[in-house]
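Report on the structure given below.
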Amino acid sequence: MSSFVYHYRNNSVTARDNAIEHYVVAFATFSMKNTASLAFLLFLTHATINVMPKTVDGQITMEKTPSYFVTNEAPKRIHSMAKDIKLIVVVRNPVTRAISDYTQTLSKKPEIPTFEVLAFKNRTLGLIDASWSAIRIGIYALHLENWLQYFPLSQILFVSGERLIVDPAGEMAKVQDFLGLKRVVTEKHFYFNKTKGFPCLKKPEDSSAPRCLGKSKGRTHPRIDPDVIHRLRKFYKPFNMMFYQMTGRMLMLMTMMIMVLVMLVLQSKDEDGGGDGDEGDNHYKDEG
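Pasting the structure below:
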């Protein structure tokens, strides 16, 4: 889902892309084991800065690599390059994310074991295999804890992958506000592609066709045993609660729940007070 934000951000307003993929290794995949490696890492970091396109007023330079969030060394390396950088993290239901991850791998390696086999160390005992990357990546609290050692929450925006699908304009408004941009991307720029199951950008003036996500997005997921999904939800629940608390989303969720309860109570009172007295009494007795 991270490509979703990047795609729409980069194709809708003036943004600059670092397409020199050779250098993302400086943050995400390079293993520092000795002095020579450290020197090479410093060279790569310096090279990364140098190859980033020049940014003028009204432009923002962006670079997207999903593996940053789950790479232990990435926060420190990025912080050493740019302490005031703004970070955007797209998260979604970790169970759905794991299945999507598996679906992606399955499309390239159809011979791999089933999702149910890979998800457990011992299915009889219900032991989830948290070492499997498809499962581990969804433990957002664990990864966020690493990032918060270097960056304050004020520099990190969390975007909902689910909300991006049902309300892309709403989520993109948050992105634009976070980046200090005018809300150029609005609801009028999107339409829902029923075939893909994702929103697409309407045809820009300089393009002959609408902009939709690539073929790798919107694949049909394999059917997963409901019991496995239930066990995964239980596994992720405490980590999700930690993540909500760390990001302040717990307060937001509680506020939303209170608002819903208040609305339900008010609605119930309106229904009880409607009509004549007899109807109200009958309604009360039925409820009792």
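So in my numbering, spot 85 of the sequence shown is number 111, and the numbers just go up one at a time.
Idealized CB from N, CA, C, for every residue including glycine.
Only a predicted model underlies this, so the values are computations on that prediction, with no experimental measurement involved.
Distance between residue 101 and residue 118 (C-alpha atoms, nearest Å): Residue 118 sits at position 92 when you count from the first residue of the sequence shown. Residue 101 sits at position 75 when you count from the first residue of the sequence shown. Straight-line Cα distance between these residues: approximately 21 Å.
Sufficient close CB pairs (3 or more, under 8 Å) joining the region 247-256 to the region 124-135: yes
Spatial distance of residue 274 from residue 255 (CA atoms): Position 248 of the sequence shown, counting from 1, holds the residue named residue 274. Position 229 of the sequence shown, counting from 1, holds the residue named residue 255. Roughly 27 Å separates the two Cα atoms.
Secondary structure, beta strand (DSSP E): runs of 3+ residues fully inside the region 128-164: 146-148
Alpha-carbon to alpha-carbon, residue 167 and residue 269: The residue given as residue 269 occupies position 243 in the sequence shown. The residue given as residue 167 occupies position 141 in the sequence shown. About 5 Å.
Among 213, 204 and 205, the one whose alpha carbon lies nearest that of residue 193: For this step, residue 193 is matched to residue 167 along the sequence shown. Among 213, 204 and 205, the Cα nearest to that of residue 193 belongs to 213.
8 Å Cβ cutoff met for residue 217 and residue 208: Residue numbering aside, residue 217 sits at position 191 when the sequence shown is read from its first letter. Residue numbering aside, residue 208 sits at position 182 when the sequence shown is read from its first letter. For residue 217 and residue 208, no; Cβs fall outside 8 Å.
Beta-bridge partners of residue 320, as assigned by DSSP: Since the displayed the chain opens at 27 and closes at 314, residue 320 lies outside it and no answer follows.
Buried or exposed by the 16-neighbour rule on C-beta atoms within 10 Å, applied to residue 259: Reading the sequence shown from its first residue, position 233 is the one you call residue 259. Looking at its Cβ environment, which holds fewer than 16 other Cβ atoms inside 10 Å, residue 259 is exposed.
Sheet register partners of residue 182 (DSSP bridge): Stepping through the sequence shown from its first residue, residue 182 is reached at position 156. Beta-bridge pairing links residue 182 to 113.
Test item: CB-CB of residue 205 and residue 86 under 8 Å: By one-based count along the sequence shown, residue 205 stands at place 179. By one-based count along the sequence shown, residue 86 stands at place 60. Yes, the Cβ-Cβ distance between residue 205 and residue 86 is below 8 Å.
Cα-Cα separation, residue 143 to residue 149: To locate residue 143, count along the sequence shown from 1; it is residue 117. To locate residue 149, count along the sequence shown from 1; it is residue 123. About 8 Å.
Span separating the alpha-carbon of residue 103 from that of residue 195: Here residue 103 is taken as the residue at index 77 of the sequence shown, counted from 1. Here residue 195 is taken as the residue at index 169 of the sequence shown, counted from 1. Looking at the two C-alpha atoms, the distance is approximately 32 Å.
Those residues which DSSP pairs with residue 216 across a bridge: For the purposes of this step, residue 216 is taken as residue 190 along the sequence shown, with counting starting at 1. BP columns for residue 216 point to 227.
Nonlocal neighbours in the same chain, by C-beta distance under 6 Å from residue 120, ignoring five residues either side: Mapped onto the sequence shown, residue 120 falls at position 94. Contacts found: 164 and 262.
Where residue 271 sits in the DSSP three-state scheme: Position 245 of the sequence shown, counting from 1, holds the residue named residue 271. Here residue 271 sits in helix by DSSP.
For residue 187, the three-state DSSP class (helix, strand or coil): In the sequence shown, counting from the first residue as 1, residue 187 sits at position 161. Helix.
Top-ranked residue by Cα proximity to residue 88, from 98, 111, 292 and 97: On the sequence shown, position 62 is the one that residue 88 refers to. If we check each option's Cα against that of residue 88, 111 comes out closest.
Cβ separation of residue 114 and residue 211, assumed to be a contact under 8 Å, to the nearest whole Å: To locate residue 114, count along the sequence shown from 1; it is residue 88. To locate residue 211, count along the sequence shown from 1; it is residue 185. With 8 Å as the limit, residue 114 and residue 211 do not qualify as a contact, their Cβ atoms being about 14 Å apart.
Which of helix, strand or coil DSSP assigns to residue 96: Walking along the sequence shown from the start, residue 96 turns up at place 70. It is helical.
Integer Cβ distance of residue 154 from residue 146, believed to fall under 8 Å: Counted from its first residue, the sequence shown places residue 154 at position 128. Counted from its first residue, the sequence shown places residue 146 at position 120. Residue 154 to residue 146, Cβ: 6 Å. Contact.
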